[in-house]
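Participant:
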Amino acid sequence: MTGPTRVYVARLAGLPVYDPNGDQVGKVRDVVAMLRQGTQPPRVLGLVVEVFARRRIFVPMTRVTSVDAGHVITTGLVNMRRFEQRATEILVLGEMLDRTVTVRETETTGVVFDMAMEQWRTKDWVLSKVAVREGSKRFRRRGQSHVLDWSEVSGFAQVEEGQGATHILAAFDSMRAADLAAVLHDLSPKRRKEIAAALNDERLADVLEELPEDDQVEILAGLDTERAADVLEEMSPDDAADLIAELPTDTAERLLTLMEPDEAEDVRRLLTYEERTAGGLMTSEPVILPVDATVADALAHVRNAELSPALAAMIYVCRPPLETPTGRFIGVGHIQRLLREPPSELVSAALDTDLDGLRPDDSLVAVSKYLATYNLVAAPVLDEDGRLLGAVTVDDVLDHLLPADWRETDQPQEVDHDGS
Numbered sequence: 133m134t135g136p137t138r139v140y141v142a143r144l145a146g147l148p149v150y151d152p153n154g155d156q157v158g159k160v161r162d163v164v165a166m167l168r169q170g171t172q173p174p175r176v177l178g179l180v181v182e183v184f185a186r187r188r189i190f191v192p193m194t195r196v197t198s199v200d201a202g203h204v205i206t207t208g209l210v211n212m213r214r215f216e217q218r219a220t221e222i223l224v225l226g227e228m229l230d231r232t233v234t235v236r237e238t239e240t241t242g243v244v245f246d247m248a249m250e251q252w253r254t255k256d257w258v259l260s261k262v263a264v265r266e267g268s269k270r271f272r273r274r275g276q277s278h279v280l281d282w283s284e285v286s287g288f289a290q291v292e293e294g295q296g297a298t299h300i301l302a303a304f305d306s307m308r309a310a311d312l313a314a315v316l317h318d319l320s321p322k323r324r325k326e327i328a329a330a331l332n333d334e335r336l337a338d339v340l341e342e343l344p345e346d347d348q349v350e351i352l353a354g355l356d357t358e359r360a361a362d363v364l365e366e367m368s369p370d371d372a373a374d375l376i377a378e379l380p381t382d383t384a385e386r387l388l389t390l391m392e393p394d395e396a397e398d399v400r401r402l403l404t405y406e407e408r409t410a411g412g413l414m415t416s417e418p419v420i421l422p423v424d425a426t427v428a429d430a431l432a433h434v435r436n437a438e439l440s441p442a443l444a445a446m447i448y449v450c451r452p453p454l455e456t457p458t459g460r461f462i463g464v465g466h467i468q469r470l471l472r473e474p475p476s477e478l479v480s481a482a483l484d485t486d487l488d489g490l491r492p493d494d495s496l497v498a499v500s501k502y503l504a505t506y507n508l509v510a511a512p513v514l515d516e517d518g519r520l521l522g523a524v525t526v527d528d529v530l531d532h533l534l535p536a537d538w539r540e541t542d543q544p545q546e547v548d549h550d551g552s
């Protein structure tokens, strides 16, 4: 083992993990430890590493050859079996940060904001230090911070109700919503609820869209009704409709009543379609422009960071009204084509008007064939009067083509990262 012998765990979050040849294996998502009796520091068992397809595997510390400020290096041979936490194991980032502990000498309490792991002469790694921030009695004043030996604090063995989430979210602040969703999925229901409560509405909505339905329903049920409605408003209408469809009828109706009328109307309309049809797959909020819009207008709209890449790949030109269901649909503008046109050119001069569009009752198979036939990542959905109802994107199609548990299912295997 090379590199520093003491490493602060929060700084490991998201670090790349390499094999001896310099090829990236994945990224660190957590550290696995095992509590021991008395004041003995917990033994660090290994790292939770996220590899391709968001699969999370366990890498024992015996396979870690270097831990440095900017990376982790392994022996290269890793077990690709999905990580499953055992009852005797604890996740340092997921479960130990934000714990309220007691300083033994002074009997004062504080919140854990980091921990340090250290390699002993026996080559074992242990959690040797606890970084604690005391509460402050002064208004808006942050309490003092201390780095203490493990033996100097107590409180990790108890189950804490109402554990905070400030420091775990700080560790994962730059993580994509899909990656944070994977972190939440692997935590206990109690910890998921606490972290969900600490996220703002927009971030929580993004994360919910990436979680399996069971986790979505569980987290939404843990929110008070008004906040649940606010979070649903932040979700894309198609994802909100899918989630509401999984709720009891009276709960769904209560949430729809609390939502803003315009948002609720979009969701109610989507709920009228069968799930595995173009209407059930579509979003009602694609980028819609009038016939007199310019190429510059189109490019300005697709720069919106909240748009998925698939939705941003195409704009839809319609007669007023421009909210779905729109006036008569004119055609689509492919962004790749519009990039070749002068900014002052009207988008109507560079439209693809040959696409007939999908019908809301078209099956999932028909939608898939349509996208494949025309090499598209999105497609318009039209009613019988030629009005735009929404757009289907390839990511929603894949969600329904893959098995329901695709986020969790993989084939366990022992592989050499070099491919042998």
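Positions in the sequence shown are counted from 1; adding 132 to them yields the numbering used here.
Positions of the beta carbon are idealized from the N, C-alpha and C atoms, including for glycine.
Computed from a predicted structure; not experimentally measured.
Give the straight-line distance between the Cα atoms of Thr-389 and Ile-420, rounded to the nearest whole angstrom.
Facilitator: 27 Å
Participant: For Asp-151, which option in Thr-197, Arg-265 and Ala-523 has the closest C-alpha, if you only look at C-alpha atoms?
Facilitator: Thr-197
Participant: Enumerate, from N- to C-terminal direction, the unbroken alpha helix (DSSP H) stretches of 4 or more residues contained entirely within the stretch 377-438.
Facilitator: 381-390, 393-403, 410-413 and 427-434
Participant: If you run the structure through DSSP and keep just helix, strand and coil, what is Tyr-502?
Facilitator: helix
Participant: Could you pull the start and end residues of the alpha helix (DSSP H) that Glu-350 belongs to?
Facilitator: 345-353
Participant: On the CB-based measure, 16 or more other CB atoms within 10 Å of its CB, does Val-180 come out buried or exposed?
Facilitator: buried
Participant: So what's Asp-162 in DSSP terms, helix, strand or just coil?
Facilitator: strand
Participant: Among residues of its own chain, excluding the 5 on either side of Thr-357, which ones have a beta-carbon nearer than 8 Å to its beta-carbon?
Facilitator: Arg-386, Leu-387 and Leu-390
Participant: Could you work out which residue in Gly-154, Glu-365 and Val-141 is closest to Glu-250 when comparing CA atoms only?
Facilitator: Val-141
Participant: What's the gap between the Cα of Leu-144 and the Cα of Pro-393?
Facilitator: 44 Å
Participant: Three-state secondary structure (DSSP) at Val-497?
Facilitator: For Val-497, the three-state secondary structure derived from DSSP is helix.
Participant: When you compare only the Cα positions, how much space is there between Ala-377 and Leu-478?
Facilitator: Straight-line measurement puts the Cα of Leu-478 at about 41 Å from the Cα of Ala-377.
Participant: In angstroms with no decimal places, state the Cα-to-Cα distance between Ser-480 and Leu-454.
Facilitator: 15 Å
Participant: Would Arg-308 be called buried (16 or more neighbouring beta carbons within 10 Å of its own) or exposed?
Facilitator: exposed
Participant: With respect to the beta strand (DSSP E) encompassing Thr-525, which residues constitute its N-terminal and C-terminal limits?
Facilitator: Note, Thr-525: beta strand (DSSP E), 520-525.
Participant: If you draw a straight line from the C-alpha of Lys-501 to the C-alpha of Asp-494, how long is it?
Facilitator: Rounded to the nearest angstrom, the two C-alpha atoms are 11 Å apart.
Participant: Contact check, Asp-371 vs Glu-341 under 8 Å by CB: the rounded distance?
Facilitator: Your pair Asp-371 and Glu-341 checks out as a contact, with CB atoms roughly 5 Å apart and the cut at 8 Å.
Participant: Looking only at C-alpha atoms, which of Gly-459, Ile-447, Leu-487 and Arg-451 sits nearest to Gln-468?
Facilitator: Ile-447
Participant: If you follow the beta strand (DSSP E) that Thr-206 is in, where does it begin and where does it stop?
Facilitator: 204-206
Participant: Beta strand (DSSP E) containing Asp-338: first to last residue?
Facilitator: Careful: Asp-338 lies outside any beta strand (DSSP E), inside the alpha helix (DSSP H) at 333-340.
Participant: Pro-475 to Ala-303, Cα distance in whole Å?
Facilitator: 42 Å
Participant: Quick check on this structure: which residue in Asp-318, Thr-426, Val-176 and Val-191 has the alpha carbon closest to the alpha carbon of Thr-254?
Facilitator: Val-176
Participant: Let me know the secondary structure DSSP gives Lys-255 once reduced to three states.
Facilitator: coil
Participant: Tell me the residue span of the alpha helix (DSSP H) that contains Arg-323.
Facilitator: 321-330
Participant: Could you give the first and the last residue of the continuous alpha helix (DSSP H) run that contains Arg-469?
Facilitator: 467-470
Participant: Below 7 Å CB to CB, which residues in the same chain sit around Ala-337 once its five sequence neighbours on both sides are set aside?
Facilitator: Val-363, Glu-366 and Met-367
Participant: Taking 8 Å as the limit between beta carbons, can you name the residues of its chain near Leu-470, skipping five residues before and five after?
Facilitator: Val-427, Ala-430, Leu-431, Ile-447, Val-479 and Ala-482
Participant: Inspect the CB distances between the stretch 400-410 and the stretch 433-444 and report whether three or more fall short of 8 Å.
Facilitator: Too few Cβ pairs lie closer than 8 Å, so no.
Participant: Less than 7 Å separating the beta-carbons of Gly-522 and Met-414?
Facilitator: yes
Participant: If you run the structure through DSSP and keep just helix, strand and coil, what is Arg-214?
Facilitator: strand
Participant: By Cβ distance below 7 Å, which residues in the same chain neighbour Asp-553 in space, the five residues on each side in sequence not counted?
Facilitator: Residue coverage of the chain in this structure runs from 133 to 552, which leaves residue 553 outside it and unanswerable.
Participant: Cα separation between Asp-486 and Arg-435?
Facilitator: Whole-angstrom Cα-Cα distance: 26 Å.
Participant: Gly-158 and Met-183 - do their beta-carbons sit closer together than 7 Å?
Facilitator: One detail in the question is off: residue 183 reads as Val in this sequence, not Met. Yes, the Cβ-Cβ distance between Val-183 and Gly-158 is below 7 Å.
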